[in-house]
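Numbering (UniProt numbering), first residue to last: 1 to 37.
Put into C-alpha coordinates, the structure is as follows:
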(Lines of atoms letter the chains of each structure in order from A and count residues from 1; the text may use other names and numbers.)
(Lines give C-alpha, C1' and ligand atoms only; values in the text may rest on other atoms or scores of the structure.)
Protein backbone atom coordinates (compact mmCIF):
# COMPACT_ATOMS: atom_id res chain seq x y z
CA UNK A 1 0.00 0.00 0.00
CA UNK A 2 1.44 3.45 -0.91
CA UNK A 3 2.44 5.75 1.92
CA UNK A 4 1.14 9.33 1.80
CA UNK A 5 2.95 12.23 3.45
CA UNK A 6 1.08 15.43 4.34
CA UNK A 7 3.21 18.25 2.90
CA UNK A 8 0.70 20.95 3.88
CA UNK A 9 1.81 20.99 7.52
CA UNK A 10 4.01 23.95 8.43
CA UNK A 11 7.46 23.13 9.78
CA UNK A 12 8.49 25.40 12.65
CA UNK A 13 10.91 25.47 15.56
CA UNK A 14 9.76 23.45 18.56
CA UNK A 15 8.43 25.35 21.59
CA UNK A 16 10.37 25.64 24.85
CA UNK A 17 10.21 22.52 26.98
CA UNK A 18 10.09 20.07 24.08
CA UNK A 19 12.19 16.98 24.89
CA UNK A 20 15.51 16.98 23.01
CA UNK A 21 14.68 13.89 20.92
CA UNK A 22 11.45 15.55 19.64
CA UNK A 23 12.94 18.99 18.87
CA UNK A 24 12.86 20.56 15.44
CA UNK A 25 15.32 23.41 14.90
CA UNK A 26 15.44 25.39 11.67
CA UNK A 27 18.29 27.68 10.65
CA UNK A 28 16.85 30.43 8.46
CA UNK A 29 19.00 32.23 5.89
CA UNK A 30 18.29 35.10 3.54
CA UNK A 31 18.82 34.93 -0.21
CA UNK A 32 22.37 36.29 -0.05
CA UNK A 33 23.49 33.67 2.47
CA UNK A 34 21.87 30.92 0.42
CA UNK A 35 23.60 32.12 -2.74
CA UNK A 36 26.99 31.92 -0.98
CA UNK A 37 26.42 28.24 -0.25
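All C-beta atoms in this analysis are idealised placements derived from N, C-alpha and C, irrespective of residue type, glycine included.
Which residue wins for smallest C-alpha separation from residue 15, given the options 31, 2 and 26?
26
Hey, how far is the Cα of residue 2 from the Cα of residue 11?
23 Å
Simplified DSSP assignment, three categories, for residue 29
When DSSP states are grouped into helix, strand and coil, residue 29 belongs to the coil group.
Of all the options 8, 30 and 13, which has the alpha carbon lying nearest to the alpha carbon of residue 22?
Closest option to residue 22, Cα to Cα, is 13.
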